[in-house]
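In what follows, a structure is listed as structure tokens, so that the remarks can point back to it.
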Amino acid sequence: MELLNSFLGSGVRLTTPILLAALACLPTQWTKDLNVGLEGAMLFGAFGGVVFGLAFGSGFAAVTLTIAAGILSGLVFGWMITRLNVNVFIAGIVLNIFAGAATVYLLRSLFGVKGTLSAPGIPSLPTYRIPFIDGVPILGPILSGHTVLTYLSWVIVAVALFAVKNTVLVRHLKAAGEHPAALAAAGGNVQRMRILAQVWCFALCAIAGAQLSIGQLTLFTEGMTNGLGFVALAAVIFCRGRVLLLTMMSVVFGLASAVAIQVNDEVIPPQIAQMLPYLIAFIGLVVLARTSKDGGVRIATPTMES
Amino acid sequence: MSLKTPFKTLPQSQEGVKSPANSSVRALARRAVPGLFTLAVGLVLAVILIEAQGYQALPTIMAGLDYAVGDATSIARTLAWGLPLIVATLGVSLAYRSGMFNIGAEGQIYAGAMAAALTGAYIGPMFTGLHLFLCLAVSAVVGGAVAAGLGWLRAVWNVDEVLSTLLSNYIIMLFCAYLATAPLRDPARQSGTTRAVHDTAMFTELIPSTQLTSALFVVIVLCGATWWLSERSVTGYRWRMTGESPAFAAASGINVRRSRIGSMAVSGALCGIAGALLVTASQGRFWTEIGTGIGWDAVLLAMIARARPVSAIIWVLVYSVMRSAARGIEQVSTVPSEMSLILISGIIIAATARAGLFTRLAELKNRYIRSEGK
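Here it is in structure tokens:
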């Protein structure tokens, strides 16, 4: 029972960044500008959380400023892919690699450290224990003892479920991807929708990163996202635009990561256990291609002519 | 437009003589502008990154360049580092040309390195040439098999190759880390490394203590072969057709499936050989972080070279100098050597945004002229 409780608790904790990143990417899938730079955006978010946290000494300020920085980056990214016609796939791949290099550069030049930045001044986000539920087995570790960002991620899931059914905004976002001409004729602004999707993407990735760095660990390590963004990307591709399926996939990936932490080294070697989320994502991808008629979503790669 | 007007006043005969020269100058300019533009962006970025650390940009850059290409030894060192990257970049480019975005170069390099390290260490010492050849061949087969498998999934089952190759990176790297830390670990060493390979599985050094080995000749041969395969052979033509328009290629009788799987197989084989070079030309054994980042460098460089073999080789050489210079700069200052990756990222974004940026600027200019006119 103790093992199950800690497994579920860490499962929910590890689900949070994946779920946030997947929710971030979802609107960019609607507008057909699938952002493959989740990994990089999350890494910047994690870095921002630590840096702003150190500078202002408060977790709240850190998260707020990281989100603000995310929104700003989203505007720049959106402007590049809509107005400057930069291919979104190239921009995303470059963003991933750029983030890896830029955070190391900044880490070295701002703090003079190589590898890991961990200092007593870094605030960590408080976890909330819900008084009565906390003691209940199974339910307790799932519902209680998490950071505000974990709860926020589930609020966003609820909002997204509602928004997909009932709001004009989501319809406009989807129309910007599927029938841009129709949206323009109906008086919508296609470019604004595409930029909005990227802003949303970067803002949520910023939160996902902050959850990693100051929500779970209170430190920043080079390349600490370590493929989580790609796992989230697999969830987004797998769900084909549906929020509930997306949430389920994220939870599966989160639980798979929790297995890697909980399982004893003697039972499964740690590297094999760490492989689990990637293997599940890979198998999911193959299953998707076999079961759906259109073979799922293709990432918008550029053609190599001229 | 403004260039044409003076010619209208000239006699017919003279215009006939002048215009070809004029057009060739213009064609040359059109080719040179992107290169100059990216060069300028790279330089400006470098100056900003160095000045931001409180150093004088120009002397620092010169010191870095001196470290990278100052004398024969440093050129050899820079080149030695670039050799595996050239092979990997050519591999990635080859797949790009047939429309297959092989982002899994990193994993294929690791698989190749592991295969070469095991062949070198466990299959007993043989004649120098044969053992070395066996190492390269096994790593090419392993890397090629991984990539061909992913290519098969894309060609036959329509599994998006971008995401499948991305995920394969982590699966392969973790698996290799498992092999190197548990069953195949060198018991004499603490960290995650395999046994050292036999001497017969190592290239001989050309210039002492530079790590520039006779692998150079292998790489030159591979460059030539890849260029011929991609640009001159019938197979390469089929691959390029598939990349530009699969539907048109299929309609004109090209087997699209075979092109996709084939190009991925050769791409993976080259990445595998790149991994083997890491072992047989320098490290002498596999360790868990042997090729960190080389696969990603290759992906970026293949992108900026637009998958052309010749420009891929040129870009890798430029990048090798940049990276080596960044190392040198790191030694004389506190500017981190990650600067080279930041520069190449900036250059790629600038290069892909260039056309759009110029259109925006022209638009702004037109608007300005119109407002002046009123």
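Just so you know, the protein sequences line up as chains A and B, in that order.
Once you know that position 269 of the first sequence is 269 in this note's numbering, the rest is easy, because the numbers rise by one and skip nothing.
To get this note's numbering, take the position in the second sequence, counting from 1, and add 306.
Built from N, CA and C at the ideal position, the CB exists for glycine as well.
Computed from a predicted structure; not experimentally measured.
- The C-beta of D466/B has 16 or more other C-beta atoms within 10 Å across all chains shown, which makes the residue buried.
- Assignment of L518/B by DSSP, reduced to helix, strand and coil, places it in the strand class.
- The Cβ neighbour count for Y674/B, taken over all protein chains shown within 10 Å, is under 16; the residue is labelled exposed.
- Secondary structure of T64/A (DSSP, three-state): helix.
- By the Cβ neighbour-count rule, A102/A is buried, with 16 or more other Cβ atoms within 10 Å of its own.
- Judged by beta-carbon spacing, V641/B lies within the 8 Å limit of Y361/B, meaning their Cβ atoms are closer than that value.
- The three-state secondary structure of T147/A, taken from DSSP, is strand.
- Within chain A, no C-beta atom comes less than 7 Å from the C-beta of S539/B; the nearest is roughly 17 Å away.
- By the neighbour-count criterion, in which 16 or more other beta carbons inside 10 Å mark a residue as buried, R566/B falls on the buried side.
- The alpha-carbon separation between F162/A and R242/A amounts to approximately 12 Å.
- For the pair V525/B and I392/B, the CB atoms are nearer than the 8 Å cut-off.
- Per DSSP, the continuous alpha helix (DSSP H) segment holding E550/B begins and ends at 540 to 550.
- Judged by DSSP in its simplified three-state form, Y128/A adopts strand.
- With fewer than 16 other Cβ atoms inside 10 Å of its own Cβ, F433/B counts as exposed.
- With a cut-off of 8 Å on Cβ pairs, the segment 34 to 45 of chain A is in contact with the segment 56 to 74 of chain A, counting three or more such pairs.
- The beta-carbon separation of A401/B and M547/B, rounded to 15 Å, does not stay under the 8 Å limit for a contact.
- Here the segment 581 to 599 of chain B lies against the segment 498 to 510 of chain B, with 3 or more beta-carbon pairs under 8 Å apart.
- Taking all protein chains in view, the Cβ of M224/A is crowded by 16 or more other Cβ atoms within 10 Å, so the residue is classified as buried.
- Residue contact check for G413/B against chain A: no CB pair falls below 8 Å.
- Burial is judged here by how many other beta carbons sit within 10 angstroms of a residue's own beta carbon; Y428/B has fewer than 16 and is exposed.
- In the three-state reduction of the DSSP assignment, E511/B falls in the strand class.
- Annotation: the continuous alpha helix (DSSP H) that includes F98/A extends over 88 to 106.
- In this structure, S250/A keeps its C-beta atom at 8 Å or more from the C-beta atom of A234/A.
- Under the 8 Å criterion on CB atoms, A281/A is classed as interfacial with respect to chain B.
- At least 8 Å separates the beta-carbon of L95/A from that of L107/A.
- Those residues of the segment 226 to 255 of chain A placed with their C-beta closer than 9 Å to a C-beta in chain B are N226, G227, F230, V231, L233, A234, I237, ordered along the chain.
- Following the DSSP letters along the chain, one finds T598/B in no alpha helix (DSSP H), marked with neither H nor E.
- When DSSP states are grouped into helix, strand and coil, F664/B belongs to the helix group.
- Looking at the backbone, the Cα of S292/A and that of G37/A are separated by about 26 Å.
- Distance from L65/A to G48/A at the Cβ level is roughly 7 Å; contact confirmed, criterion being Cβ atoms closer than 8 Å.
- Under the criterion of beta carbons closer than 8 Å, G418/B and C577/B qualify as touching, at roughly 6 Å.
- Judged by DSSP in its simplified three-state form, F111/A adopts helix.
- Any Cβ of chain A closer than 8 Å to the Cβ of Q589/B would place that residue at the interface, and such an atom is absent.
- Residues of the segment 163 to 197 of chain A with a C-beta atom less than 7 Å from some C-beta of chain B do not occur.
- Within chain A, the residues placing a beta-carbon under 8 Å from that of Q359/B are S109, ordered along the chain.
- Not a single C-beta of chain B is nearer than 8 Å to the C-beta of Y151/A.
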